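Trainee: Right, I'll just put the structure down here and ask away after.
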């Protein structure tokens, strides 16, 4: 038996009950036990994660799964036999936890259930990925290698052990899609599955969270956790809706743990305000806007577009003081005066309509810079929201008071069992290990990649690039290629759409204005001759199925026109092409302004250098400059996330003291 080769003690799994309590949650204290699995860790120095013994144990475990699955996959096996095997596996999991033998029994049951539900079976790499997820690890699998089924198998095995499982996806569309698609598998195993969306009421959420497996987004989970902690009377959350934080399996883990972890999640309440107070507050922001309008860059202030930060120069500080001497009130305090003007400058010069926000029905709707989607319920703080509303002529929103807040870093650290999958984890492995205590396993490709990556092209300005993209797309469409074009913002996608119309190219646009048609657009994106222009909405978890004509023409062609902050995001978009050994190709087209807008020292000079100097060095300098700027931005983002976590921890300490 494989289990006899492992002498490490049983690792009981956290689930609601007498031992772990009604709502299990890992404590915030530093003395909390580390997340260490036991599935592949017999004692001894020779068990290095990449060592020979681990490989032998994995192969032995896979052979054991096949041995146990063979009787269940035999033709004509009675349903009663499968149900008995499922019940036996569940008993062993509840008794021994995620040890190799119980996991092998459960995996055999999952294989049989997949065969009955979909006519599919997991390949060995998917089964190993599932085992690593059960062993508290992150797994990197290339796009198209079967991450969804690997995640589903891990969730089903954990649910058979009696653990409430939260499968966390990158957005609500994917959560609903996966919950519906995988429901037949869960039904075969006798498990209930649910989906928590943005429109669910507290009563509905409470019922859904009682399911064995719940698909939802990180945002929904974190806010439900905050509301459970507040337990506000009359809100529907006077009783907790969650069953604790037992296990979270993260799809697109780097997106959730890193890219979305730059803004704290805040629950706030509107403050009562008399008309006179509202008028005074509005007047203060109007004054700040008028003062800021008189300042000139770079004499009075310097902007950092990537960080959305403004710094006043000494001349600017003196000018602001002179212009506000007669105003009195808050303007007399130097720190307040400078902060008001900085916020006004940020609203005026850095926050751009259709890039950072939309204006719909006389309301400001913020856009998620990672996904390009509308961030429902999110607002700017410290008066920035009011200044943007003033800028766009929208009615002012009421002031708010913070009741509770948490970052994704602190929230996911509270899960007893945390694991995840993504196609782009390797670049951030150090931060993920330091912050979340999660190690990384990279899975090899099943088939060699047939993707052809074209040389990087650079254009002097955006209009020249969009015109060239339209010409290139028309030629590709004539070849019956399916084309996906990735853009940064809503305005970029609409500008490119105009150029495509001028060239007579039929296409679909997927951005925050058309998010209701996402499923329809994605379903048609793989048809021969179909052109899809998309913001970052198409970068995560998007499966583009190609028809036979598109495959015969060469597969999906991706034109990358995004200015991403990290190499991981580039890989996400380019990974849409040539999945599972199929043909495909990519091109990366940038502007010199893309280089100058980054935080790279000397980037404006290099931006013109790579387009105007030494043709044989052009491609190399383009690549090197882009990668250098991305590396600097990645380091800045990492430092910002660590600083945010410290601020969140300090806020929690102060909040606990205030509640005493």
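Numbering (this note's numbering), first residue to last: 1137 to 1796.
For each residue, glycine too, the CB sits at the ideal point set by N, CA and C.
Bear in mind that the values here come from a model prediction, so they are computed numbers and not experimental data.
1. Could you check what DSSP says for residue 1273 in three-state terms: helix, strand or coil?
2. Measure the C-alpha to C-alpha separation of residue 1530 and residue 1498 and round it to an integer number of angstroms.
3. Which of the three DSSP states, helix, strand or coil, is assigned to residue 1727?
4. Would you mind reading off the limits of the alpha helix (DSSP H) that contains residue 1347?
5. Using 10 angstroms around the beta-carbon of residue 1415, count the other beta-carbons present and answer buried if the total reaches 16, otherwise exposed.
6. Among 1413, 1392, 1542 and 1152, which residue has its Cα nearest to the Cα of residue 1300?
7. With distances taken Cα to Cα, identify the nearest neighbour of residue 1405 among 1719, 1525, 1534 and 1635.
8. Taking buried to mean at least 16 other C-beta atoms within 10 Å of its own C-beta, is residue 1569 buried or exposed?
9. Please go through the same chain and pick out, in chain order, the residues whose beta-carbon is closer than 8 Å to the beta-carbon of residue 1479, but skip the five residues on each side of it.
10. Rounded to the nearest angstrom, how far is the Cβ of residue 1392 from that of residue 1386, given a contact under 8 Å?
11. When you compare each of 1412, 1765 and 1462 to residue 1728 by their alpha carbons, which one comes out closest?
12. For a test of the three-state rule: what should DSSP assign to residue 1605, helix, strand or coil?
13. List, from N- to C-terminal side, the beta strand (DSSP E) runs of 3 residues or more that fit wholly inside the segment 1399 to 1425.
14. Residue 1427 and residue 1459 look like a contact to me (Cβ under 8 Å); what is the Cβ gap, rounded to whole Å?
15. Would you call the CB atoms of residue 1321 and residue 1292 closer than 8 Å?
16. How would you label residue 1206, buried or exposed, when you count the other beta carbons within 10 angstroms and need 16 or more for buried?
17. Quick check for students: name the residue ranges of the beta strand (DSSP E) that lie wholly in the segment 1432 to 1499, counting only runs of 3 or more.
18. Note down the Cα distance separating residue 1651 from residue 1412, rounded to an integer number of angstroms.
19. Of all the beta strand (DSSP E) runs that stay within the bounds of the segment 1571 to 1645, which reach a length of 3 or more residues?
20. Per DSSP, which one or two residues make a beta bridge with residue 1243?
21. When the Cα atoms are used, what is the spatial distance from residue 1189 to residue 1328?
22. Which value, in whole angstroms, describes the spacing of the CA atoms of residue 1317 and residue 1771?
23. Please identify the residue among 1325, 1698 and 1759 whose C-alpha is closest to the C-alpha of residue 1223.
24. Who are residue 1695's beta bridge partners in DSSP?
25. Only counting the same chain, and skipping five residues up and downstream in sequence, which positions put a Cβ closer than 7 Å to that of residue 1357?
26. Please list the terminal residues of the continuous alpha helix (DSSP H) segment that includes residue 1256.
27. Rounded to whole angstroms, what is the Cα-Cα separation between residue 1220 and residue 1252?
28. May I ask which residues mark the beginning and end of the alpha helix (DSSP H) holding residue 1361?
29. Quick test of your reading: residue 1797 and residue 1379, contact by CB under 8 Å. State the CB separation rounded to the nearest angstrom.
30. Assuming residue 1241 and residue 1274 are in contact, meaning their beta carbons sit under 8 Å apart, how far apart are those beta carbons, in whole angstroms?
31. The beta strand (DSSP E) that contains residue 1121, what's its start and end?
32. How far does the alpha helix (DSSP H) with residue 1287 in it reach, from first residue to last?
33. Taking the alpha helix (DSSP H) that residue 1705 belongs to, which residues open and close that run?
34. Whose CA, out of 1255, 1254 and 1247, lies closest to the CA of residue 1262?
35. Does DSSP put residue 1679 in a helix, a strand or coil?
36. Check each candidate in 1436, 1558, 1708 and 1308 and name the one with the smallest Cα separation from residue 1336.
Mentor: On the basis of the data shown:
1. As a position in the chain shown, residue 1273 is number 137, starting the count at 1. It is a strand residue.
2. The residue labelled residue 1530 in the question sits at position 394 within the chain shown. The residue labelled residue 1498 in the question sits at position 362 within the chain shown. Roughly 5 Å between the two C-alpha positions.
3. Translated into the one-based positions of the chain shown, residue 1727 becomes position 591. Three-state result, residue 1727: strand.
4. Working through the chain shown from its first residue, we reach residue 1347 at position 211. Annotation: residue 1347 is outside any alpha helix (DSSP H) and is labelled neither H nor E by DSSP.
5. Taking the chain shown and counting its residues from 1, one reaches residue 1415 at position 279. The residue in question, residue 1415, is exposed, as its Cβ has fewer than 16 Cβ neighbours within 10 Å.
6. The sequence position of residue 1300 within the chain shown is 164, counting from 1. The shortest C-alpha separation from residue 1300 is found at 1152.
7. One-based indexing of the chain shown puts residue 1405 at position 269. Comparing Cα-Cα distances from residue 1405 to each of 1719, 1525, 1534 and 1635, the minimum goes to 1534.
8. As a working note, residue 1569 is residue 433 in the chain shown. Flag for residue 1569 reads exposed.
9. Along the chain shown, one-based indexing puts residue 1479 at 343. Taking C-beta separations shorter than 8 Å and ignoring five residues to either side along the sequence, the partners of residue 1479 in its chain run 1424, 1518, 1519, 1520 and 1523, following chain order.
10. Within the chain shown, numbered from 1, the residue matching residue 1392 stands at position 256. Within the chain shown, numbered from 1, the residue matching residue 1386 stands at position 250. Confirmed, about 5 Å.
11. In the chain shown, the residue the question calls residue 1728 occupies position 592. The candidate whose alpha carbon is nearest that of residue 1728 is 1765.
12. On the chain shown, position 469 is the one that residue 1605 refers to. The answer is helix: DSSP assigns residue 1605 an H, G or I state.
13. Runs of beta strand (DSSP E) with 3 or more residues, each lying fully within the segment 1399 to 1425, are found at 1401 to 1406, listed in chain order.
14. As a first step, residue 1427 must be located in the chain shown, where it is residue number 291. As a first step, residue 1459 must be located in the chain shown, where it is residue number 323. A Cβ-Cβ separation of about 5 Å places residue 1427 in contact with residue 1459 under the 8 Å criterion.
15. As a first step, residue 1321 is located in the chain shown; it is residue number 185 there, counting from the start. As a first step, residue 1292 is located in the chain shown; it is residue number 156 there, counting from the start. In contact: residue 1321 and residue 1292 (Cβ atoms closer than 8 Å).
16. Translated into the one-based positions of the chain shown, residue 1206 becomes position 70. A residue is called buried once 16 or more other Cβ atoms fall within 10 Å of its Cβ, and residue 1206, having fewer, is exposed.
17. Restricted to the segment 1432 to 1499, the beta strand (DSSP E) segments that are unbroken, complete and at least 3 residues in length are 1437 to 1440, 1445 to 1448 and 1493 to 1496, listed in chain order.
18. By one-based count along the chain shown, residue 1651 stands at place 515. By one-based count along the chain shown, residue 1412 stands at place 276. Between residue 1651 and residue 1412, the C-alpha separation is close to 40 Å.
19. The segment 1571 to 1645 contains these whole beta strand (DSSP E) runs: 1575 to 1578, 1586 to 1589, 1593 to 1595 and 1618 to 1622.
20. Indexing the chain shown from 1 puts residue 1243 at position 107. BP columns for residue 1243 are empty, so no partner.
21. For the purposes of this step, residue 1189 is identified with residue 53 of the chain shown, where counting begins at 1. For the purposes of this step, residue 1328 is identified with residue 192 of the chain shown, where counting begins at 1. Residue 1189 and residue 1328 have their C-alpha atoms roughly 37 Å apart.
22. Counted from its first residue, the chain shown places residue 1317 at position 181. Counted from its first residue, the chain shown places residue 1771 at position 635. The straight-line gap separating the alpha-carbon atoms of residue 1317 and residue 1771 is approximately 38 Å.
23. Start at 1 with the first residue of the chain shown, and residue 1223 comes out as number 87. Put simply, of 1325, 1698 and 1759 the residue whose alpha carbon is nearest the alpha carbon of residue 1223 is 1325.
24. On the chain shown, position 559 is the one that residue 1695 refers to. Residue 1695 is bridged to 1621 and 1723.
25. In the chain shown, counting from the first residue as 1, residue 1357 sits at position 221. Excluding sequence neighbours, residue 1357 sits near 1302 and 1304.
26. As a working note, residue 1256 is residue 120 in the chain shown. No alpha helix (DSSP H) contains residue 1256, which DSSP labels as neither H nor E.
27. If you number the chain shown from 1, residue 1220 lands on position 84. If you number the chain shown from 1, residue 1252 lands on position 116. Going by the C-alpha atoms only, they are around 16 Å apart.
28. Along the chain shown, read from residue 1 onward, the residue named residue 1361 stands at position 225. Start and end: 1354 to 1366.
29. In this structure the chain extends from 1137 to 1796, so residue 1797 is not present and cannot be described.
30. In the chain shown, residue 1241 corresponds to position 105, counting from 1. In the chain shown, residue 1274 corresponds to position 138, counting from 1. Incorrect: roughly 25 Å between the Cβ atoms, too far for contact.
31. The structure shown does not extend to residue 1121, since the chain is modelled only from 1137 to 1796, so the question has no answer here.
32. For the purposes of this step, residue 1287 is taken as the residue at position 151 of the chain shown. Start and end: 1283 to 1296.
33. Locating residue 1705 in the chain shown gives position 569, where the first residue counts as 1. For residue 1705, the enclosing alpha helix (DSSP H) stretches over residues 1703 to 1710.
34. Within the chain shown, residue 1262 is the residue found at index 126, counting from 1. Checking every option, the nearest Cα to that of residue 1262 belongs to 1247.
35. Position 543 of the chain shown, counted from the start, is the residue given in the question as residue 1679. Residue 1679 falls in the coil class under three-state DSSP.
36. On the chain shown, position 200 is the one that residue 1336 refers to. Comparing Cα-Cα distances from residue 1336 to each of 1436, 1558, 1708 and 1308, the minimum goes to 1308.
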